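Novice: I'd like to ask you about the structure that follows.
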Amino acid sequence: MPENTSHNDLTTSIEIEFLLEGIFRRYGYDFRSYSPAHIKRRLINKMKQNKFRSLSEMQHHVLHDKNFFNSLLKDLSINVTEMFRDPAFYVALRKEVIPILKTYPFIKVWHAGCASGEEVYSFAILLKEEGIYDRTQIYATDFNNNILEVARKGIYPVDRIKEYTVNYQKAGGKYSFTDYYLAKYNSAIIDQALKKNIVFAEHNLVTDTVFAEMHVIICRNVLIYFNRDLQNKVIRLFNESLVHGGFLGLGTKETIQFSNYNAQYTDVNKELKIYKKKVNE
Ligand SMILES: C[S@@+](CC[C@H](N)C(=O)[O-])C[C@H]1O[C@@H](n2cnc3c(N)ncnc32)[C@H](O)[C@@H]1O
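Residues 46 to 326 in our numbering are what the sequence shown spells out, letter by letter.
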């Protein structure tokens, strides 16, 4: 019995390795360095739901049926997020981006890969405190419809509020974080007024088209899951979506440095990965 168990474990880990390699080579999504426990759990769930007898059997469907792959992709996507994640990023936005946005009559912002929306509401709070929320339109997108539903509701577990309050203060928050939510039972409900200028929509960065004429694009902790080719493709999409002089904010472990578009940008804040698209001479 123990022998069988270890044999099964070994077989499963080989199958997972083959499947992830296949996904990478067929579709360009790189899940090979994702947490193995997370990947295994999600793949086995998918296999059971679809009544496949093994991951090898499922592999055939993953590689040959794009719709099936897309549904698996949603299962594999990591939606971890928080309010005012990396607070220094928001401090830099306040100092280096907001003063320029304040000179615009109308501002368009795109949050790509917004997950459950915490990042979007964080930026909305910042815009509100800086007095420019009312003339801003925010598009918040993700390819995972289930997580977008959470984002639309804006209801979060109240036990995360302590951490978010600390982040808010570190991010240069001007008032009290309690101004922005209503605590009810075990939930924190985001202030309705923050939702006014936000449109949540399904959008796949790999297969869907541009959002034109954006002044700011924030896409953090998404590119990290893509290989170089795919990152390049997505950065091209951002490049086509941004106005000249527009800002691009990425996650701390992400960069445009290796993309074909690097020369078209200047660093606003190198460490915090905030870039500005050059204005055409
Ligand atoms: C780790 S979360 C990042 C959330 C937030 N931006 C942050 O930094 O806290 C990554 C998000 O990217 C989304 N995502 C992954 N691939 C995507 C794609 N091809 N198109 C759109 N969204 C994608 C996932 O569904 C997930 O919600």
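Just so you know, even glycine gets a beta-carbon here, dropped at the ideal spot from N, CA and C.
Remember, predicted model here, so these are calculated numbers, not experimental data.
1) Any contact between the stretch 277-294 and the stretch 101-116? By contact I mean 3 or more CB pairs, one from each, below 8 Å.
2) Specify, as a first and last residue, the run of the beta strand (DSSP E) that Gln182 falls within.
3) Taking just the CA atoms, how far does Glu208 sit from Asp224?
4) Can you give me the Cβ contacts of Thr300 inside the same chain, cut-off strictly under 7 Å, excluding the 5 residues immediately before and after it?
5) Where Gln73 and Tyr213 are concerned, what is the direct C-alpha to C-alpha distance, given to the nearest angstrom?
6) So if DSSP puts Phe245 in a beta bridge, which residue, or which two residues, is it bridged to?
7) Comparing C-alpha positions only, which one of Val324, Thr297, Ser304 sits nearest to Phe134?
8) Quick test of the definition: if touching needs 3 or more C-beta pairs under 8 Å, does the stretch 232-248 touch the stretch 178-191?
9) Tell me the rounded alpha-carbon separation between Lys321 and Ile177.
10) Quick one: what's got a C-beta closer than 6 Å to Gln276's C-beta in the same chain, skipping five residues either side?
11) When the Cα of Val261 is compared with those of His156, Asp236, Asn307, which residue comes out closest?
12) Which of the three DSSP states is assigned to Leu295 in this structure?
13) Less than 8 Å between C-beta atoms, sequence neighbours within five positions excluded: which residues of the same chain meet that for Phe222?
14) Could you give the C-beta distance for Gly199 and Gly158, rounded to a whole number, given that I count them as a contact under 8 Å?
15) Could you check if Val324 is buried or exposed, using at least 16 other CB atoms within 10 Å of its CB as the buried criterion?
16) In the DSSP output, which residue or residues are listed as bridge partners for Ser232?
17) Which one or two residues does DSSP pair with Leu287 in a beta bridge?
18) Quick check on Lys241 - is its C-beta less than 7 Å from some C-beta in chain B?
19) Please return the same chain residues whose Cβ sits closer than 6 Å to the Cβ of Asn95, not counting the five positions on each side in sequence.
20) Would DSSP call Tyr220 helix, strand or coil?
21) Excluding the five sequence neighbours on either side, which residues of its own chain have a C-beta within less than 7 Å of the C-beta of Val136, listed in chain order?
Specialist: To lay it out plainly:
1) no
2) Sequence index remark: in the sequence shown, residue 182 carries index 137 (1-based). Where Gln182 is concerned, the enclosing beta strand (DSSP E) stretches over 181-187.
3) Within the sequence shown, the letter at position 179 stands for residue 224. Within the sequence shown, the letter at position 163 stands for residue 208. In a straight line, the C-alpha of Asp224 is about 16 Å away from that of Glu208.
4) Against the sequence shown, residue 300 aligns to sequence position 255. Lys318, listed in sequence order.
5) Working through the sequence shown from its first residue, we reach residue 73 at position 28. Working through the sequence shown from its first residue, we reach residue 213 at position 168. Residue identity check: residue 73 is Gly in the sequence provided, not Gln. Between Gly73 and Tyr213, the C-alpha separation is close to 36 Å.
6) Here residue 245 refers to the residue found at position 200 of the sequence shown. Paired residues: Ala185.
7) Here the question's residue 134 lines up with position 89 in the sequence shown. Cα-wise, what sits closest to Phe134 is Thr297.
8) yes
9) Taking the sequence shown and counting its residues from 1, one reaches residue 321 at position 276. Taking the sequence shown and counting its residues from 1, one reaches residue 177 at position 132. The straight-line gap from Cα to Cα measures roughly 20 Å.
10) Looking up residue 276 in the sequence shown gives position 231. If we look at Gln276 and ignore the five residues flanking it on each side, its Cβ neighbours are Leu268.
11) In the sequence shown, residue 261 corresponds to position 216, counting from 1. It is His156.
12) Stepping through the sequence shown from its first residue, residue 295 is reached at position 250. Here Leu295 sits in strand by DSSP.
13) Working through the sequence shown from its first residue, we reach residue 222 at position 177. For Phe222, where only same-chain residues beyond five positions count, the Cβ hits under 8 Å are Ile206, Tyr209, Thr210, Tyr213, Gln214.
14) Along the sequence shown, read from residue 1 onward, the residue named residue 199 stands at position 154. Along the sequence shown, read from residue 1 onward, the residue named residue 158 stands at position 113. The Cβ separation is near 17 Å, so there is no contact.
15) As a working mapping, residue 324 is identified with position 279 in the sequence shown. The residue is exposed, with fewer than 16 neighbouring Cβ atoms inside 10 Å.
16) Translated into the one-based positions of the sequence shown, residue 232 becomes position 187. Answer is Pro202, Lys229, bridged to Ser232.
17) Position 242 of the sequence shown, counted from the first residue, corresponds to residue 287. Bridge partners of Leu287: Met259.
18) The chain labelled as chain B is not found in the depicted structure, where only one protein chain is given.
19) Position 50 of the sequence shown, counted from the first residue, corresponds to residue 95. Closer than 6 Å at Cβ, skipping near neighbours: no residue.
20) For the purposes of this step, residue 220 is identified with residue 175 of the sequence shown, where counting begins at 1. Three-state DSSP puts Tyr220 in coil, outside helix and strand.
21) The sequence position of residue 136 within the sequence shown is 91, counting from 1. Closer than 7 Å at Cβ, skipping near neighbours: Ala216, Gly217.
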